[in-house]
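*Asks:*
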Amino acid sequence: MSLLVLALAAPGLATAETKLIPVSFAGPAEVSDSASLPRELDAALLDIANTTRAQSGLAPLNFDTGLAAVAEAHARDMATSGYVGYADPSGASLFDKVRISDRSALIGSFGSSLAVLDAGATAAEIHGAIQSDAGNAENLRRGFTHAGMGTYESGGKVFVVQLYARIDGELAQPLPTRLTDATLIQPALFNDDMTTIGWSLSDEQGALLARGSGRRIHGAQGRTLEGFLDLDVAVGPDVYTLRGPYVQLN
């Protein structure tokens, strides 16, 4: 069985690899009736992942619909566009895509695993291949709380994307993409010891665009800024950054 396995895991902000690996054995696959999204396989992969975590005394990963949707879309895009990578040909990373689509999650850490195997591979075979890589194995030992699996079969191959996140809170209301002046952020943090102390807006490269204290986001004085919203939270003397949605600030 031929396979290709990749891994990415980083605390806090995940930095995606932008190098694209051509799938020379398949080429850009044509979408046909044989192409599919085997949802049962996705569920089986999460079950096996949680069994592995249980063997290490770790809590199970919760299924997250937002992570699963991005994983499935990326698996399909890799299959139909003929590449394997943590970013698509436009440069959008998996973590960027999660933050664009999920309008409420506040993410403390993020990780991902990619694999391409022969079509028809079982969940156990996929899990074994992915876990044979040390970086992927570490994903299941880290303190992630949620996961979403996505698979897509086409051109005699199955493309697998596994996304993991530690979700430390969520916004009381999903944020619209466009924020008006003085928008009040209302985070519900899952750790009672966490206190929101400020916010910032950064571009896709991590460059700071705007920053403020408290929970009220102020406008850009006649300019339109767009980027990813981060919340700074304090736990005692320590300050952590939670990653939120992509927004446009007017």
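Going by the working numbering, the sequence shown opens with residue 1, and the numbers climb by one from there. A virtual CB, placed ideally from N, CA and C, is assigned to each residue, including glycine. Source: prediction; values computed, not measured.
1. Taking 6 angstroms as the limit between beta carbons, can you name the residues of its chain near Ala-35, skipping five residues before and five after?
2. Unbroken beta strand (DSSP E) runs of length 3 or more, entirely within the segment 157-242: which are they?
3. Near Ala-119, what residues of its chain come up, given a Cβ to Cβ distance below 7 angstroms and the 5 sequence neighbours on each side ignored?
4. Quick one: Cα of Val-84 to Cα of Thr-145, how far?
5. Hey, would you say Arg-53 sits closer than 9 angstroms to Leu-114, going by beta carbons?
6. What residue does the alpha helix (DSSP H) around Gly-252 start on, and which one ends it?
7. Out of Ser-81, Ala-49, Arg-99 and Asp-181, point me to the one whose CA is closest to Asp-203's CA.
8. Tell me whether Arg-216 is buried or exposed, calling it buried when 16 or more other Cβ atoms sit within 10 Å of its Cβ.
9. In the DSSP assignment, find the unbroken beta strand (DSSP E) run with Ala-115 in it and report its ends.
10. Would you tell me roughly how many angstroms separate the C-alpha atoms of Asp-88 and Ala-134, rounded to the nearest one?
11. Would you kindly report the start and end of the unbroken beta strand (DSSP E) that includes Gly-57?
12. In three-state DSSP terms, what is Thr-151?
13. Under 8 angstroms by Cβ, that's how I've got Leu-208 and Leu-225 pegged, so tell me the actual separation to the nearest angstrom.
*Replies:* Taking the structure as given:
1. Low confidence applies here, because Ala-35 scores a pLDDT of 39, under 50, leaving its location unreliable and the question unanswered by this model.
2. Counting whole runs of 3 or more residues, the segment 157-242 contains the beta strand (DSSP E) stretches 157-171, 187-189, 195-202, 208-213 and 225-235.
3. Glu-153, Gly-156, Lys-157 and Val-158
4. 26 angstroms
5. no
6. Nothing about residue 252 can be read from this structure; the chain reaches only from 1 to 250.
7. Arg-99
8. exposed
9. Looking at the DSSP string, the run of the beta strand (DSSP E) that includes Ala-115 is 105-118.
10. 24 angstroms
11. No beta strand (DSSP E) holds Gly-57; DSSP gives it neither H nor E.
12. Residue state for Thr-151 is assigned as strand, using DSSP reduced to three classes.
13. About 11 angstroms; that fails the 8 angstroms criterion.
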